[in-house]
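Positions in the sequence shown are counted from 1; adding 105 to them yields our numbering. Here a beta-carbon is modelled for each residue, glycine too, at the ideal position from N, C-alpha and C.
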Amino acid sequence: MLEERATNHSAQHTGLYVSDIYLTSGWYDVGSRNMPTDPSKLNVYNSCGTYYPIWMIGTIPQTSEGKVTRTACIFTDWSECSYTIEIEVINCGTHMLYNLSTPNEYEYYYYYYYHSYYYTAYCFGKYF
């Protein structure tokens, strides 16, 4: 499943977009992958196997920082950061932990209403 969320994964040819509309809030171990922190590396229509990828503002925390709070942004066709979501991150050295939640109802209402077959999802790292 993580391969589908990689920055270089495109769902353009299959039309099967990753969606976090039913994501259960909680901690997720994403191995050695990081959430992208540079929106210029994303292509809103093709990144992370979704239509609107979610990326993180700031830097990947050091292991010495413990649990930190970061802001994640939803990259849309009108802005690199149309909506924000607070997340928690722990760098465990060999793997990353992210405390994620489903974006709020207003955001999903907009996406569902205007783009019923397009979705938004958290984005993690690049696969080769």
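Just to confirm before moving on: does the CB-CB distance between residue i and residue j stay below 8 angstroms?
i, j, result
"H114", "C178", "no"
"P208", "T225", "yes"
"I190", "N204", "no"
"R138", "Y227", "no"
"S206", "S124", "no"
Does DSSP classify residue i as helix, strand or coil?
i, result
"R110", "helix"
"G154", "helix"
"T241", "Because the chain is modelled from 106 through 233, residue 241 falls outside the range shown and cannot be assessed."
"S145", "helix"
"W183", "coil"
"A116", "coil"
"C197", "coil"
"V123", "coil"
Provide the residue(s) that pair with residue i in DSSP beta bridges, ordered along the chain.
i, result
"Y227", "I159"
Whole angstroms is fine: what's the gap from residue i's alpha carbon to residue j's?
i, j, result
"S145", "M161", "12 angstroms"
"Y188", "T199", "30 angstroms"
"P166", "V194", "7 angstroms"
"E170", "C197", "10 angstroms"
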